[in-house]
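Read left to right, the sequence shown gives residues -25 to -1, 1 to 976 (mature numbering (1 follows the signal peptide of the UniProt record, and there is no 0)). Glycine is no exception: its CB is placed at the ideal position from the N, C-alpha and C atoms. Below is one structure; the comments refer to it alone.
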Amino acid sequence: HTAANSRRILPLFVWIVTLVSGSRSRTYPPNEVTLLDTRTAPGELKWAASPSEGGWEEVSIMDEKNIPIRTYQVCNVLEPNQNNWLRTDWIPRSGAQRVYIEVKFTLRDCNSLPGVTGTCKETFNLYYHESNEERESYIRESSFIKVDTVAADESFTQVDVGDRIMKLNTEVRDVRVTTRKGFYLAFQDVGACIALVSVRVFYKTCPLTIRNLATFPDTITGADTSSLVEVRGSCVNQSEEREEPKMYCGADGEWLVPIGGCLCNPGYQEKSGACQACSAGFYKARSSDAACSKCPPHSYALRDRATVCDCHSGFFRADSDPPSMACTRKPPSAPQQLISAVNETSVVLEWAPPRRLGGRSDTSYSLECLICQTGSWNLCLPCGADVLFSPSQTGLKTTKVVVSELRAHTHYTFIVHARNGVSQAGGVGASQSASVTVTTNQAAPSPVSSIQVTDVTRHSLSLAWQQPDRPNGVILEYEVKFYEKDQKERAYRIMRTFSRGADVTGLSPLTVYVFHVRARTAAGYGDFSTPFEFSTNSDPFPLIGEGVNSAFLLLSVSGVGILLLISAAVFIISRRRNKYSKTKQDSEEEKHLNPGVKIYVDPFTYEDPDQAIHEFAKEIDVSSIHIERVIGMGEFGEVCSGRLRVQGKREIYVAIKSLKAGYSDKQRRDFLSEASIMGQFDHPNIIRLEGVVTRCKPLMIITEYMENGSLDAFLRKHDGQFTVIQLVGMLRGIASGMKYLSDMSYVHRDLAARNILVNSNLVCKVSDFGLSRVLEDDPEAAYTTRGGKIPIRWTAPEAIAYRKFTTASDVWSYGIVMWEVVSYGERPYWDMNNQDVIKAIEEGYRLPAPMDCPLVLHQLMLDCWERERAERPTFSQILNMLDKLIRNPGTLRRTGGDSHRPTGTVLETGVGSEVCVSVVPEVCLSEWSVCLWLQSVGLDRYRDTLAAAGYTSMESLLTLTHQEMDRLGIITPSHQDIITASLQQEMLSQIQHMQHTMVPV
């Protein structure tokens, strides 16, 4: 074939393929907006070609409906080094940020063309160029950017043409266009026999839609294939926002994650995505009501859009009645059978409910109290404010009231009113009532309100007081009761007097007495007054030890005291060591013999992951979950916040993790395994699992919502804003949660501040159980990992070297968390790489105390970072330590910055080596043996801790107990044993020395 002959083949197969491709009328998806379609072009395309001759050639062909279709073809397969360009006209992008190019083409198989080896190609290149110019006269190849090299899935041969079985190739490419008003496309032929049957350029939109009564407009997708465009909806007519309606437009033109929505206004209900008016005879009072309701009994609505139904004539509704309540006809009738019982100056009133309640259940009662002259209503006055009504005077729901604090020998009239919600509505008259008149009896007087002292001697007190506020008759006498304050009324005396005063004699000097006074009338004694305290005068102090040599007495007492102190010290130390050994033994036995401890079950031991999730997690109905907003993207899908409504419980805020579509079985198992783990825990410092959604898609894990996010980011955001006690409180919560996990034989493996969540009350909770595994029954057993990354900066040396994880390795990680908290989220080991960190730890390096870190906290960190895991404290010991620090905040005042030298003293040994540095001068001056002793037993790390607590001499150390060592941060058992044994030896030496030097008194 010649090149000319090859070119003549093309019109034939283009025509055939066009017939196969079908009609020119075609329906595209509603979320695609076409910018260019060659099949709908009315005339010639007249695209720019380079070279203008011998390259791309425009051809017009007729389809099956005799409608011309414009195509381009090229077939220079015999000539090497082809570079034929074809450029479209300028295409305005119309706001699109990413466009799609759909190319339909046919391509000749090079093997079917003899003699073209090495010159024939089966691909072509696609380019684009953004421009603000609508007309560019020539093709500038250097300005175009390559999109892709396009190859055919199927090619044709000469036989295919004869049999007319050719098929079109369809390829779609996308490109981002955001810098200019429009763009050009270009096709480069490098030696293929090809025909471009059609070219379509389009972009995607999320089409107009209505969700939750909110209209979301056509929205052009974002520039990136993973971007989400947030769109705010607008409420449809006759509706209002329940909460801001939002949706996200995905890159594929699909709407995602509807949030919020609208509610139909009062008088309208939702129907077919719109708000329609309630018809006559129906009403809707609130936007939150689901639908229009029929008018309740004895009410009507004559017009559409009613928000409340009016009552029929003669029927009424109270202002507080809901619109759904039926209208009622009348207020209640008067109370029945009102009776009274007088008890001195109190009256008990009782009555029966009204005969007619008016069709309502909200009947209440109120009392009116009047003081009247006998037989005359015209001379009635309201009772005073000092009259008491129990339980109340108004708003009563009961039918019994006790009226007290009335006057004696006085006529009272009580009126009981019955009311309901419509007693004053619609012109109905006031409440109905019943009345009763009573006369009070003689009563005892009220208590004396105050007592004063008029004269005081060593053995007597003179008292005076005023008459009671309500004597209720003639006062016949007063009674005075008194006793010594220390006796607390176990032994008291009584005296009586006719006057408002008394001289009390026979009292002890310098003694506080308590006095009560009450009055008596013909009706008897009233109540005693409240207590009043008065003291008699004092005698001079007598001389102590008259006739005794004071020096001899002082020396004797001192000698006896020293002997008693030594004996007590020996007894305490011996008893304490025995008690510690027994306590340690008992705790070990309890650890191994306590059968009631809940043990964690690894969900990966289940063959069916659904069995584990149904055993440990609660299934939640998806209708109970209300998603509010997207707060992040997790490993498996979106993470949202929202609210959970469970019937019978209050609504709570939750975090919602969802599993994205197209997941594999392994992804599903891994996703649900974390819920199976969390579902086994129930502790205030462990993130709480609310439940899961597995019966519909997407799968969801619902947990409590932690407002302040991860601990490390929270601390960095609030750098320096918390007190030391608040930081210790956070650490205490984390330790409490980790103790709970260790008690369940559970190893976290990834304990770090980034995996601690903080709620609005600053409560810290352990989370992220993706790396965690279970221990065996043997407490010395450890889990061996199956590979994967290890967080080097937080992991214990044995876990890094041998991949052995235990609760002790979690303790190491907890020490790093302590350092993160006190340093407000600083990165452990700063910018050191992982290999440098591993090497430094092996060489004995440990993180220094952060700025302003209390010494006792840094000492606890160092204990957590002991090389031997058996030497590290347990989480139970750590928790006890932190509790003691919180109860004794004074131990947190001394920081590492205090241990510098400006006010300290340095003592040296005989050879000049430094042995002690302290900020307290007296610590290392006269009693420097404390420092030397700590150095001799290899525990000089505790010298500053002991000095800060006041242990500046060997004598003071003799009182050091295990509990005190725990409080000071010396919690390593072996260190406590060394100190105890050494102190016992030192104590024996002190006793022997004192026995040789003590002189009897």
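{"Check": "Local Cβ density within 10 Å of Leu784, reported as buried at 16 or more and exposed below that", "Outcome": "Note that residue 784 is Ser in the sequence shown, not Leu. It counts as buried."}
{"Check": "In DSSP terms, what Leu436 is bridged to", "Outcome": "Val431, Val479"}
{"Check": "Length at least 3, wholly inside the stretch 80 to 143: the beta strand (DSSP E) runs in chain order", "Outcome": "98 to 106, 120 to 126"}
{"Check": "Beta-carbon proximity of Ser474 to Val423, cut-off 7 Å", "Outcome": "no"}
{"Check": "Exposed unless 16 or more other CB atoms sit within 10 angstroms - verdict on Leu900", "Outcome": "Here the model assigns Leu900 a pLDDT of 31, short of 50, so the residue's position is not dependable and the matter cannot be decided."}
{"Check": "Test item: CB-CB of Thr486 and Glu459 under 7 Å", "Outcome": "yes"}
{"Check": "Between the CA atoms of Gln163 and Trp22 - distance to the nearest angstrom", "Outcome": "13 Å"}
{"Check": "Buried versus exposed, by CB contacts within 10 Å (16 or more), Asp199", "Outcome": "exposed"}
{"Check": "For Phe579, the three-state DSSP class (helix, strand or coil)", "Outcome": "helix"}
{"Check": "Pro659 versus Leu332, Asp585, Leu921, Leu732, residue with shortest Cα-Cα distance", "Outcome": "Leu732"}
{"Check": "Backbone CA spacing between Tyr555 and Ile945 [nearest angstrom]", "Outcome": "For Tyr555, the predicted model reports a pLDDT of 41, less than 50, meaning its position is unreliable and no value from the coordinates is stated."}
{"Check": "Ser410 beta carbon less than 7 Å from that of Pro306", "Outcome": "no"}
{"Check": "Where Ser510 falls: helix, strand or coil (DSSP)", "Outcome": "strand"}
{"Check": "For Ser336 and Thr369, believed in contact at Cβ under 8 Å, the rounded distance", "Outcome": "Actually they are not in contact, since the Cβ atoms of Thr369 and Ser336 sit about 19 Å apart, beyond 8 Å."}
{"Check": "Within-7 Å CB hit, Ser928 to chain D", "Outcome": "In the displayed structure, chain D is absent; only one protein chain is listed."}
{"Check": "Stretch-stretch touch, CB-based, cutoff 8 Å, three pairs: the stretch 688 to 695 with the stretch 626 to 633", "Outcome": "no"}
{"Check": "Phe591 (DSSP reduced to helix, strand or coil)", "Outcome": "helix"}
{"Check": "Among Ile42, Asp149, Asn59, nearest to Cys50 - alpha-carbon criterion", "Outcome": "Asn59"}
{"Check": "Inside the stretch 481 to 507 only - beta strand (DSSP E) runs reaching at least 3 residues", "Outcome": "487 to 496"}
{"Check": "Closest Cα partner of Gly476 within the set Pro484, Gln462, Tyr467, His491", "Outcome": "His491"}
{"Check": "Lys814, enclosing alpha helix (DSSP H) - first and last residue", "Outcome": "809 to 817"}
{"Check": "Residue span of the alpha helix (DSSP H) that contains Cys267, given as start and end", "Outcome": "Element bounds for Cys267: n/a, residue is neither H nor E."}
{"Check": "Phe177, enclosing beta strand (DSSP E) - first and last residue", "Outcome": "168 to 181"}
{"Check": "Span separating the alpha-carbon of Leu958 from that of Asp461", "Outcome": "45 Å"}
{"Check": "Check whether Pro55 and Thr98 have beta carbons under 7 Å apart", "Outcome": "no"}
{"Check": "Reduced DSSP secondary structure (H/G/I, E/B, other) of Cys839", "Outcome": "helix"}
{"Check": "Buried or exposed (CB count within 10 angstroms, at least 16 for buried), Asn395", "Outcome": "buried"}
{"Check": "Met705 - containing beta strand (DSSP E), residue span", "Outcome": "Unbroken run through Met705 is the alpha helix (DSSP H), 699 to 718; no beta strand (DSSP E)."}
{"Check": "Element boundaries [alpha helix (DSSP H), containing Trp787]", "Outcome": "782 to 797"}
{"Check": "Beta-carbon proximity of Pro829 to Ser798, cut-off 7 Å", "Outcome": "no"}
{"Check": "Where Val905 sits in the DSSP three-state scheme", "Outcome": "helix"}
{"Check": "Element boundaries [alpha helix (DSSP H), containing Met826]", "Outcome": "Where Met826 is concerned, there is no enclosing alpha helix (DSSP H), given that its DSSP letter is neither H nor E."}
{"Check": "Buried or exposed by the 16-neighbour rule on C-beta atoms within 10 Å, applied to Tyr223", "Outcome": "buried"}
{"Check": "Touching by the beta-carbon criterion (3+ pairs, under 8 Å), the stretch 788 to 798 and the stretch 702 to 719", "Outcome": "yes"}
{"Check": "Residue range of the beta strand (DSSP E) that includes Gln251", "Outcome": "249 to 252"}
{"Check": "Sequence-distant residues of its chain with Cβ nearer than 6 Å to Arg663 (five each side left out)", "Outcome": "Glu679"}
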